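Student: I have a structure here, written as structure tokens, and I will follow up with some questions on it.
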Amino acid sequence: MLCHMICDVYEFVLHHVGQDKDSTDIWMDYIQFLCSAEIRRILGEQQTMHALRELYHHVVHVPVKGLKTFWDELKLLEYSLNWLVVEEVMNNLAPWYVWALITLCQLSNHTCTLLLSPAPALLNHPELILPTLPTSDRSEHTLLAQWKAYLKWEESDPLELAKNGKCATFMSCI
């Protein structure tokens, strides 16, 4: 029972923040949880493999930082489950994987110039550069232009959040 509750919590979290590029650790934690010997004993080997397969199929649709690793791990998992259909399964997922890679690259290109410094000791991600009172120098105009370009890109809904109803969930949290 506790195992199913923990799975439900992971599912809830991934549904709400799993599309964030920095959610890789949550995806990895869930995968490690499903791979643990205790979970395999509780759920059974077949149910665990099914859950892992579904999880990997989901994550390769999401532009997260560890996407290439997840893709490689999925391929290994598919080989271990049924090597006869690996190419077919991977070919069916490839367009989504490529879309996620392209979107991650675009997102990284937009945000890399908005990040200030390496992460402080308590955080796992760099701090954002937030504008202060304007002095109208060239660097501020450049930063403003970068922010505008990033916001325009976000408004184009590249992660298709509006299509999946996640935009409404996000707006209700604000």
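In my numbering, the protein residues as written are 25 to 198.
All residues carry an ideal CB built from backbone N, CA and C; glycine is no exception.
None of the values given here were measured: they were computed from a predicted structure.
Under DSSP, the alpha helix (DSSP H) around T236 begins and ends at which residues?
Tutor: Any property of residue 236 remains undetermined from this structure, which presents the chain solely from 25 to 198.
Student: Give the secondary structure of K92 by DSSP, where H, G and I count as helix, E and B as strand, and everything else as coil.
Tutor: Stepping through the sequence shown from its first residue, residue 92 is reached at position 68. DSSP places K92 in helix when its eight states are reduced to three.
Student: Give the secondary structure of T193 by DSSP, where H, G and I count as helix, E and B as strand, and everything else as coil.
Tutor: For the purposes of this step, residue 193 is identified with residue 169 of the sequence shown, where counting begins at 1. Confidence is the limiting factor: at T193 the pLDDT is only 47, short of 50, which leaves the residue's position unreliable, though a coordinate-based value still follows. Of the three classes helix, strand and coil, the one that applies to T193 here is helix, per DSSP.
Student: Can you give the beta carbon distance from I55 to L26, rounded, assuming they're within the 8 Å contact cut?
Tutor: Here the question's residue 55 lines up with position 31 in the sequence shown. Here the question's residue 26 lines up with position 2 in the sequence shown. Contact between I55 and L26 fails: their C-beta atoms lie close to 19 Å from each other, not under 8 Å.
Student: Looking only at C-alpha atoms, which of S160, D161, H134 sits nearest to K176?
Tutor: In the sequence shown, the residue the question calls residue 176 occupies position 152. The option with the nearest alpha carbon to K176 is H134.
Student: DSSP three-state label for H134, please.
Tutor: In the sequence shown, counting from the first residue as 1, residue 134 sits at position 110. The answer is helix: DSSP assigns H134 an H, G or I state.
Student: Work out the CA separation of Y80 and E111 for me, nearest whole Å.
Tutor: For the purposes of this step, residue 111 is taken as residue 87 along the sequence shown, with counting starting at 1. For the purposes of this step, residue 80 is taken as residue 56 along the sequence shown, with counting starting at 1. One C-alpha to the other measures close to 16 Å.
Student: Considering only C-alpha positions, which residue in the set Q170, W51, S60 is nearest to M73?
Tutor: Translated into positions along the sequence shown, residue 73 becomes position 49. Among Q170, W51, S60, the Cα nearest to that of M73 is on S60.
Student: Just mark E102 as buried or exposed, buried being the case when its beta carbon has 16 or more other beta carbons within 10 Å.
Tutor: Start at 1 with the first residue of the sequence shown, and residue 102 comes out as number 78. Classification for E102: buried.
Student: Excluding the 5 residues preceding and the 5 following T127 in the sequence, name in chain order all residues of the same chain whose CB lies nearer than 6 Å to its CB.
Tutor: As a working mapping, residue 127 is identified with position 103 in the sequence shown. Only P87, P182 meet the Cβ criterion.
Student: Using the three-state DSSP reduction, which class does E102 fall into: helix, strand or coil?
Tutor: Here the question's residue 102 lines up with position 78 in the sequence shown. Secondary structure of E102 (DSSP, three-state): helix.
Student: Roughly how many angstroms lie between the CA atoms of G68 and T166, to the nearest whole one?
Tutor: As a working mapping, residue 68 is identified with position 44 in the sequence shown. As a working mapping, residue 166 is identified with position 142 in the sequence shown. Using only the alpha carbons, I get a separation of about 56 Å.
Student: What does the alpha-carbon distance come out to for the pair T137 and Q43?
Tutor: Numbered from its first residue, the sequence shown carries residue 137 at position 113. Numbered from its first residue, the sequence shown carries residue 43 at position 19. Between T137 and Q43, the C-alpha separation is close to 21 Å.
Student: Round the Cβ separation of L100 and A124 to the nearest angstrom and send it over; I've been treating them as touching at under 8 Å.
Tutor: The sequence position of residue 100 within the sequence shown is 76, counting from 1. The sequence position of residue 124 within the sequence shown is 100, counting from 1. Going by Cβ atoms, the distance from L100 to A124 rounds to 19 Å, so no, they are not a contact pair.
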